[in-house]
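Undergrad: Take this structure, written in structure tokens, and hold onto it; I'll ask about it next.
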Amino acid sequence: MASLSSPLRICRGILREIRAIKGPEYKQSLAYNYVLDQFRKNQITGERYCRAQEEALHASHSYLCLLTSTRQHIALYDMYHGKGQRDTEEMAGIVGLRLPTQPGGKGWEK
Amino acid sequence: MLRNLVRFHNCLGHAFSPPTVCPRGQMFKLLSVKSYSTITERKKFYEDVSISHGEGGMFEINLDRRKLKTPGGKLFTAPNEALAIAVANEWDTQKDILKFYSMHMTTLCNTALDNPTFRSKDQMITAALKYLETDTICYRVEEPPSLVELQNNEWDPVLNWIEDRYNVVIGSSTSILGPEIPQATMDTFRQHLGSYNFWSLTGLEYVITQLKSVVLAFALIDKHITVEQAVLLSRLEEEFQIGHWGNVEWAHDVDLYELRSRTAAGALFVHFSSESSTVKRKLMQD
Chain A
513 MASLSSPLRI
523 CRGILREIRA
533 IKGPEYKQSL
543 AYNYVLDQFR
553 KNQITGERYC
563 RAQEEALHAS
573 HSYLCLLTST
583 RQHIALYDMY
593 HGKGQRDTEE
603 MAGIVGLRLP
613 TQPGGKGWEK
Chain B
21 MLRNLVRFHN
31 CLGHAFSPPT
41 VCPRGQMFKL
51 LSVKSYSTIT
61 ERKKFYEDVS
71 ISHGEGGMFE
81 INLDRRKLKT
91 PGGKLFTAPN
101 EALAIAVANE
111 WDTQKDILKF
121 YSMHMTTLCN
131 TALDNPTFRS
141 KDQMITAALK
151 YLETDTICYR
161 VEEPPSLVEL
171 QNNEWDPVLN
181 WIEDRYNVVI
191 GSSTSILGPE
201 IPQATMDTFR
211 QHLGSYNFWS
221 LTGLEYVITQ
231 LKSVVLAFAL
241 IDKHITVEQA
251 VLLSRLEEEF
261 QIGHWGNVEW
271 AHDVDLYELR
281 SRTAAGALFV
291 HFSSESSTVK
301 RKLMQD
């Protein structure tokens, strides 16, 4: 199947996502240091075709996909997902009514 | 009346225990004493997330000073650093309100740790292989011709790849019953799945369930295709219809991103659970 994109692009993508999540102090986050560490470690290899490098590349691509798709999903969810119903007291309050109180409890309540 | 008060106090007491989170994100509102459960959100109650070494080389997640626990009450432990960091990052991503539906790695770890339905490896393998009989890749349509062509172009290469790689016969079919999977194929796959440990198997079964296809799941886990490609192939007919009739953002895109994030989480989970990394230093030859 089609080849993966370059490590540099994936690394930049992941770091951009982390920055989007954390804000200004993203360089102190756990994920930032770990990701950079992993990319550096896997850079150096004597072999022309290194399986571990391919695997690490695939894993990093998957992680980038996870971060971007989670962010996009949350954005759409917040925009479109139903907010749920208000509880009955609030709803009554909107039209200026109050719920009746029965000090003895309703028939079926213990 | 008194009984209600007692129940109220029990409810409060439970809510203030060290963070136990339910994977599906149901948290009882702190002050509600209704007879039905009110599902509302949980506010973010911590500032920092960090990981620490626990016993036996496992990693634990710390939210401020408290240790993260699974919904079953166990201490949350991850077998390696990569997984721990992925989970910690999920918790770190949350702002103001905790959105448990977006924390897929945490959910997977909780399932693997708690095993709430008490499944054994064999049960999981059987459940996973059941998807092979109704594998998405094997179900072909007969018309419209452009969809038939699309299916052949996109799905046949993956099918050929898996038949080569595992030395099995699967085949595709246009009948309503689907392809006839020979027993030898099932045995080969069963043996292959048996070689994964329990955690990896949890992740793998999750990916199969999400993609609705054993073939695609294997292609993804064996790193033959990327997550985006796997999701695209799984939703091939939907994408075809979208191309024809148009895209509906609040349905198609939501599904797409959710499927992508779940599949990516599953693939990463399997990768982290089954890898072991060592650094071999080569001696420089003079």
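Residue numbers (the numbering used here), protein chains in the order written: chain A, 513 to 622; chain B, 21 to 306. Even glycine gets a Cβ: it sits at the ideal position worked out from N, Cα and C.
Are the beta-carbon atoms of Ser572 (chain A) and Ile526 (chain A) separated by less than 8 Å?
TA: Cβ distance < 8 Å, so Ser572 (chain A) and Ile526 (chain A) count as in contact.
Undergrad: Can you tell me where the alpha helix (DSSP H) holding Asn545 (chain A) begins and where it ends?
TA: 542-555 is the extent of the alpha helix (DSSP H) around Asn545 (chain A).
Undergrad: Quick one: which residues of the stretch 258-275 of chain B get their C-beta closer than 8 Å to a C-beta of chain A? List them in chain order.
TA: Residues passing the 8 Å Cβ filter: Glu269, Trp270, Asp273, Val274.
Undergrad: Between Ala279 (chain B) and Gln230 (chain B), is the Cβ-Cβ spacing less than 8 Å?
TA: The identity of residue 279 (chain B) in the sequence shown is Leu, whereas the question assumes Ala. In this structure, Gln230 (chain B) lies closer than 8 Å to Leu279 (chain B) by Cβ.
Undergrad: List, in order along the chain, the chain A residues whose C-beta lies closer than 8 Å to that of Ile105 (chain B)?
TA: Simply Leu542, Ala543, Tyr546.
Undergrad: Identify the continuous alpha helix (DSSP H) that holds Asn180 (chain B) and give its terminal residues.
TA: Asn180 (chain B) -> alpha helix (DSSP H) spans 165-186.
Undergrad: What are the boundary residues of the beta strand (DSSP E) that Asn267 (chain B) is part of?
TA: Here Asn267 (chain B) belongs to no beta strand (DSSP E), and DSSP marks it neither H nor E.
Undergrad: Which residues, taken in chain order from the stretch 89-119 of chain B, show a beta carbon closer than 7 Å to some beta carbon of chain A?
TA: Those residues of the stretch 89-119 of chain B that come within reach of chain A (Cβ to Cβ, closer than 7 Å) are Ile105, Ala108, Asn109, Asp112, Thr113, Lys119.
Undergrad: Determine, using beta carbons only, whether Cys523 (chain A) comes closer than 8 Å to chain B.
TA: Chain B, which has no Cβ nearer than 8 Å to the Cβ of Cys523 (chain A), makes this no.
Undergrad: Answer with buried or exposed for Phe209 (chain B), where buried requires no fewer than 16 other C-beta atoms within 10 angstroms of its C-beta.
TA: The residue is buried, with at least 16 neighbouring Cβ atoms inside 10 Å.
Undergrad: What separation, rounded to the nearest whole angstrom, lies between the Cα atoms of Ile157 (chain B) and Ile182 (chain B)?
TA: Each residue's alpha carbon lies about 11 Å from the other.
Undergrad: Anyone know if the C-beta pair for Leu542 (chain A) and Ala108 (chain B) falls short of 8 Å?
TA: Yes, Cβ-Cβ distance for Leu542 (chain A) and Ala108 (chain B) is below 8 Å.
Undergrad: Kindly provide the ranges of any beta strand (DSSP E) runs that are 3 or more residues long and lie completely inside the stretch 202-238 of chain B, ordered along the chain.
TA: Taking only runs of at least 3 residues, no beta strand (DSSP E) segment lies wholly in the stretch 202-238 of chain B.
Undergrad: Please specify which runs of the alpha helix (DSSP H), each continuous and at least 4 residues long, are wholly inside the stretch 72-117 of chain B, giving them in chain order.
TA: The qualifying runs are 101-113.
Undergrad: DSSP three-state label for Ser122 (chain B), please.
TA: Of the three classes helix, strand and coil, the one that applies to Ser122 (chain B) here is helix, per DSSP.
Undergrad: For chain B, is any of its Cβ atoms less than 8 Å away from the one on Leu578 (chain A)?
TA: Cβ-Cβ to chain B under 8 Å: yes for Leu578 (chain A).
Undergrad: Quick one, are the C-beta atoms of Ala284 (chain B) and Cys523 (chain A) less than 8 Å apart?
TA: No, the pair does not count as a contact, with Cβ atoms beyond the cut-off.
Undergrad: So, helix, strand or coil for Arg139 (chain B), using DSSP?
TA: The answer is coil: DSSP assigns Arg139 (chain B) none of H, G, I, E or B.
Undergrad: Counting only beta-carbon atoms, is Ala147 (chain B) nearer than 8 Å to chain A?
TA: By this cut-off, Ala147 (chain B) is not an interface position.
Undergrad: Taking Cβ-Cβ distances shorter than 7 Å, what residues in chain A pair up with Arg280 (chain B)?
TA: Near Arg280 (chain B) (Cβ distances below 7 Å), the residues of chain A are Cys577, Ser581.
Undergrad: Contact between the stretch 190-200 of chain B and the stretch 248-261 of chain B: three or more CB pairs below 8 Å?
TA: No: fewer than three Cβ pairs fall under 8 Å.
Undergrad: Any Cβ of chain A within less than 8 Å of the Cβ of His212 (chain B)?
TA: False, the Cβ-Cβ gap to chain A never drops below 8 Å.
Undergrad: Indicate whether Leu221 (chain B) and Met144 (chain B) have their beta-carbon atoms separated by less than 8 Å.
TA: A contact, by the Cβ cut-off of 8 Å.
Undergrad: Determine the chain B residues that contact Gln584 (chain A) at a beta-carbon separation under 7 Å, and present them in chain order.
TA: Simply Tyr277.
Undergrad: Grab the span of the alpha helix (DSSP H) containing Tyr66 (chain B) for me, first residue to last.
TA: Counting along the chain, Tyr66 (chain B) falls outside any alpha helix (DSSP H), and DSSP gives it neither H nor E.
Undergrad: For Glu61 (chain B), tell me which candidate among B:Tyr121, B:Lys89, B:Ile71, B:Lys87 has the shortest Cα-Cα distance.
TA: Nearest of B:Tyr121, B:Lys89, B:Ile71, B:Lys87 to Glu61 (chain B), Cα basis: B:Tyr121.
Undergrad: Measuring alpha carbon to alpha carbon, tell me which residue in B:Ala104, B:Lys141, B:Ser70, B:Tyr186 is nearest Thr127 (chain B).
TA: The residue with the shortest Cα to Cα distance from Thr127 (chain B) is B:Ala104.
Undergrad: Does any residue of chain A have a CB that is nearer than 8 Å to the CB of Leu236 (chain B)?
TA: Not one chain A Cβ lies under 8 Å of Leu236 (chain B).
Undergrad: Under 8 Å between C-beta atoms, does Ala285 (chain B) make it to chain A?
TA: So yes, Ala285 (chain B) belongs to the interface.
Undergrad: From which residue to which residue does the alpha helix (DSSP H) around Thr283 (chain B) run?
TA: Here the alpha helix (DSSP H) through Thr283 (chain B) covers 274-294.
Undergrad: Can you list, in chain order, the residues of its chain with a C-beta nearer than 6 Å to that of Ala148 (chain B)? Leave out the 5 residues immediately preceding and following it.
TA: Closer than 6 Å at Cβ, skipping near neighbours: Glu225, Ile228.
Undergrad: Using the three-state DSSP reduction, which class does Tyr159 (chain B) fall into: helix, strand or coil?
TA: Correct three-state label for Tyr159 (chain B): strand.
Undergrad: So that I know if they touch, is there some Cβ in chain A lying closer than 8 Å to that of Leu256 (chain B)?
TA: It does not; no Cβ of chain A falls within 8 Å.
Undergrad: Hey, is Ser518 (chain A)'s beta-carbon within less than 8 Å of any beta-carbon in chain B?
TA: So, not an interface residue.
Undergrad: Suppose contacts are defined by Cβ-Cβ distances below 8 Å. Is Glu16 (chain B) in contact with Leu95 (chain B) by that definition?
TA: Residue 16 (chain B) cannot be examined here, being either before or after the span of chain B that is shown, 21 to 306.
Undergrad: Under 7 Å Cβ to Cβ from Glu153 (chain B), same chain only, skipping five residues before and after it: list those, please.
TA: Gly198, Ile201.
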